[in-house]
Amino acid sequence: MIKRKDKILISAIDLLYSEGVSGVTTKNLAKLEKVTEPALYRQYKNKQEILNHIVEAYAQYDEKIINTIKESPLSGYEVIQYYIKRFIEFYENYVELTTVMFSMDLYYYHDATKARMEEIVNRRIGFLENLIRLNQDVLLKNTGYSSREMASMIHGTLFAQIYEWRMTGMHYSLKERVLDYVMKLLGNSNAYKQVIEKNEDRKEEI
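Going letter by letter, the sequence shown gives residues 719 to 924 in my numbering.
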């Protein structure tokens with residue numbers, strides 16, 4: 719059974735998605751949860767604490783994705799593709815959380831929350847930078863970029879494509895588009911196709 723505190727957080731994320739930051743109020747949450755506002759305050763002391771938990775939910779699978787990659791034998795284009803697939807699949811399956819990316823009022827004007835969001839972004843870019851540096855002979859050979867520059871551009875591509883996907887009705891596969899664009903950015907437009915074919919061959923062997 720979902721705990722009351724978690725249910726309130728889910729409702730808060732739904733409100734953020736449907737009404738923006740201004741819609742995430744204790745009055746609206748109490749109405750959604752069919753409880754009194756004092757009952758909400760037994761779980762969260764104020765609205766800011768709820769917003770802080772939304773930011774944490776936004777990055778809740780980062781650690782799992784990072785640890786899975788660290789423990790895997792993946793390298794070259796495949797390791798970047800794996801990172802992108804896991805990252806995008808999370809947001810395709812929980813599209814409400816993508817609203818966090820584009821809601822600066824949620825975090826920018828509160829020092830601690832802004833610092834936490836910066837930490838999330840910097841960690842993602844830093845992890846990508848390390849992956850690229852470890853595989854630079856493959857990933858940077860057809861580019862004129864440093865590992866830091868490429869990591870920043872890949873992160874920016876993810877951000878921009880999620881935004882475009884949201885704004886245009888989410889009627890296409892975000893994952894396929896982002897993988898295609900990033901592989902072209904890395905100078906290997908055939909890499910995604912090659913990995914797909916390789917995976918299909920493995921399935922046939924099994």
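All residues carry an ideal CB built from backbone N, CA and C; glycine is no exception. Note that the structure is predicted; figures quoted are calculated from it, not measured.
- A contact is defined here as three or more CB-CB pairs under 8 Å, and the region 749-759 fails this definition with respect to the region 788-800.
- Approximately 5 Å separates the beta-carbon atoms of PHE808 and TYR779; this is inside 8 Å, confirming the contact.
- The continuous stretches of alpha helix (DSSP H) do not include ALA777, and DSSP gives it neither H nor E.
- THR743 sits in coil when the DSSP states are folded into three classes, being neither helix nor strand.
- ILE798 sits close to VAL900, with the two beta carbons spaced by under 9 Å.
- Of the residues THR816, ASN785, GLU814, VAL813, the one whose Cα lies closest to the Cα of TYR800 is ASN785.
- In the structure shown, SER736 falls within a helical segment according to DSSP collapsed to helix, strand and coil.
- By the 16-neighbour rule on beta-carbons within 10 angstroms, THR886 is exposed.
- Where MET885 is concerned, the enclosing alpha helix (DSSP H) starts and stops at 865-885.
- In the structure shown, the three-state DSSP call for MET888 is coil.
- Around the beta carbon of GLU767, a 10 Å sphere encloses fewer than 16 other beta carbons of the protein chains shown; the residue is thus reported as exposed.
- If you draw a straight line from the Cα of ILE731 to the Cα of GLN854, it is about 38 Å long.
- Ranking LEU903, ASN860, LEU733, LEU858 by CA distance to the CA of GLY874 puts LEU903 first.
- Its Cα nearest to that of ALA757, the residue LYS723 stands out among LYS723, LYS782, SER865.
- By the neighbour-count criterion, in which 16 or more other beta carbons inside 10 Å mark a residue as buried, SER729 falls on the buried side.
- Secondary structure at ILE731: helix, using DSSP grouped into helix, strand and coil.
- Judged by DSSP secondary structure, PRO756 falls within the alpha helix (DSSP H) whose first and last residues are 755-759.
- Only residues of its own chain outside the window of five on either side were considered, and among them GLY794, TYR795 have a CB closer than 7 Å to the CB of VAL856, listed in chain order.
- When only Cα atoms are considered, VAL739 and MET822 end up about 9 Å apart.
- Selection ALA869, ARG841, VAL839, GLY862 evaluated against LEU852 yields ALA869 as nearest (Cα-Cα).
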